[in-house]
Amino acid sequence: MGFLTEIDKNELSNVIFSAETLAWISDVRQLKTLRKELRRRFNKVEIYFYIRRQDLLVVSHNQEASKGRPSRVFYGNQSVALPKYMAEFDEYLDYHSKLSMWGDLFGDESIKVRIFEEKKLVDGNVVADFLYASGLDLTPRLLQSNQSLGREKVLLSHYMLDAGVPVEVRKKVLEFIEDSERLKPSKQEAQEFYAHYRSSNIALNNRFNVSEKESIFSDNFDSYPEVSGDLWDANSVGRAVYGLINVLLDQDIIDSPLA
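Quick note: the sequence shown, position 139, residue 131 per the working numbering, numbers continuous.
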């Protein structure tokens, strides 16, 4: 655990450590080791979880996965807006089971659950929200959020990853494709995916008292289209082909018709 080495080296007594990788811990033995190491160093440990409705989280993850992130393997290398549900996803997306494991080891009083929805965050910002929730008197530094790719860029990125296209070529291709609307699943697909986790969210709320709303999250799915954006239309194909041709021209792989 590299961050523990950094803490020891600098003799730090008050530490804020943020890492999404901690949310992927599913082995109780790993968590017990972490607890042991933290208790050796600190008198008090508070753990803040920012949770997002599962369908929205996976759509966002899949955007990031198109850039070659490890989450692509976890979701089965599916070149779609929202991967088809698999029981293996529960290891990460069953919030009740995951947070209960942390609560059992660190104590429920140490677990602080926050809802990752812009309207629920203080000032609509996760950093400002954390400072408020933790009571820290600090001025947040504005950070640039991850930039979402348009649907053609996401789909083409997935296809290029499947084909083993080198990262430098993938980046070059995407430079020539204009951003379009975000890649989204259909409203029905999102609702069906989320249905697998609604009862888990209710159980989480019963244990940690997260929200006045029983299932914690909004049940509004109106941000999704009626038809999934997974399928290519003529305009999408045209934009993708345009990007590929321009890369070929740029690399002198084919001769420009204007030459």
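Cβ coordinates follow ideal geometry from the N, Cα and C atoms, glycine included.
Practice task
Output the boundary residues of the alpha helix (DSSP H) element that contains residue 1.
Solution key: Sequence index remark: in the sequence shown, residue 1 carries index 9 (1-based). Here the alpha helix (DSSP H) through residue 1 covers -6 to 2.
Practice task
Please say whether residue 221 and residue 176 have beta carbons closer to each other than 8 Å?
Solution key: Numbered from its first residue, the sequence shown carries residue 176 at position 184. Numbered from its first residue, the sequence shown carries residue 221 at position 229. Yes. Within cutoff.
Exercise for the section: Report yes if the C-beta distance between residue 213 and residue 182 is below 8 Å; otherwise report no. Expected result: Within the sequence shown, residue 213 is the residue found at index 221, counting from 1. Within the sequence shown, residue 182 is the residue found at index 190, counting from 1. Cβ atoms of residue 213 and residue 182: closer than 8 Å.
Problem - For residue 38 and residue 89, the rounded distance between their alpha carbons - result: Numbered from its first residue, the sequence shown carries residue 89 at position 97. Numbered from its first residue, the sequence shown carries residue 38 at position 46. Computed Cα separation, rounded: 19 Å.
Practice task
Check each candidate in 126, 16, 158 and 116 and name the one with the smallest Cα separation from residue 80.
Solution key: Taking the first residue of the sequence shown as position 1, residue 80 is located at position 88. Out of 126, 16, 158 and 116, 16 has the C-alpha closest to the C-alpha of residue 80.
Exercise for the section: Spell out the partners DSSP gives residue 40 in its beta bridges. Expected result: If you number the sequence shown from 1, residue 40 lands on position 48. Per DSSP, 104.
Handout entry: Check whether residue 216 and residue 118 have beta carbons under 8 Å apart
Key = For the purposes of this step, residue 216 is taken as residue 224 along the sequence shown, with counting starting at 1. For the purposes of this step, residue 118 is taken as residue 126 along the sequence shown, with counting starting at 1. Cβ atoms of residue 216 and residue 118: not closer than 8 Å.
Problem - Coil, strand or helix - residue 174 by DSSP - result: Taking the sequence shown and counting its residues from 1, one reaches residue 174 at position 182. Strand.
Handout entry: Inter-residue Cα distance where the pair is residue 53 and residue 74
Key = Position 61 of the sequence shown, counted from the start, is the residue given in the question as residue 53. Position 82 of the sequence shown, counted from the start, is the residue given in the question as residue 74. When rounded, the distance between both Cα atoms is 9 Å.
Handout entry: Where residue 160 sits in the DSSP three-state scheme
Key = On the sequence shown, residue 160 is found 168 positions in, with the first residue counted as 1. Correct three-state label for residue 160: helix.
Exercise for the section: Return helix, strand or coil for residue 88, following the three-state DSSP convention. Expected result: Here residue 88 is taken as the residue at index 96 of the sequence shown, counted from 1. Reduced to three states, the DSSP call for residue 88 is helix.
Problem - Boundaries (first-last residue) of the alpha helix (DSSP H) holding residue 194 - result: Taking the sequence shown and counting its residues from 1, the one referred to as residue 194 is at position 202. Run containing residue 194: 190 to 200, per the alpha helix (DSSP H) assignment.
Problem - Sequence-distant residues of its chain with Cβ nearer than 6 Å to residue 202 (five each side left out) - result: For the purposes of this step, residue 202 is taken as the residue at position 210 of the sequence shown. The answer, listed in chain order, is 105 and 208.
Exercise for the section: Ignore the nearest five residues each way along the sequence and tell me which others in residue 251's own chain have a CB closer than 7 Å to its CB. Expected result: Numbered from 1 along the sequence shown, position 259 holds the residue referred to as residue 251. Bear in mind that a pLDDT of 43 at residue 251, under 50, signals an unreliable position, so the model cannot answer this.
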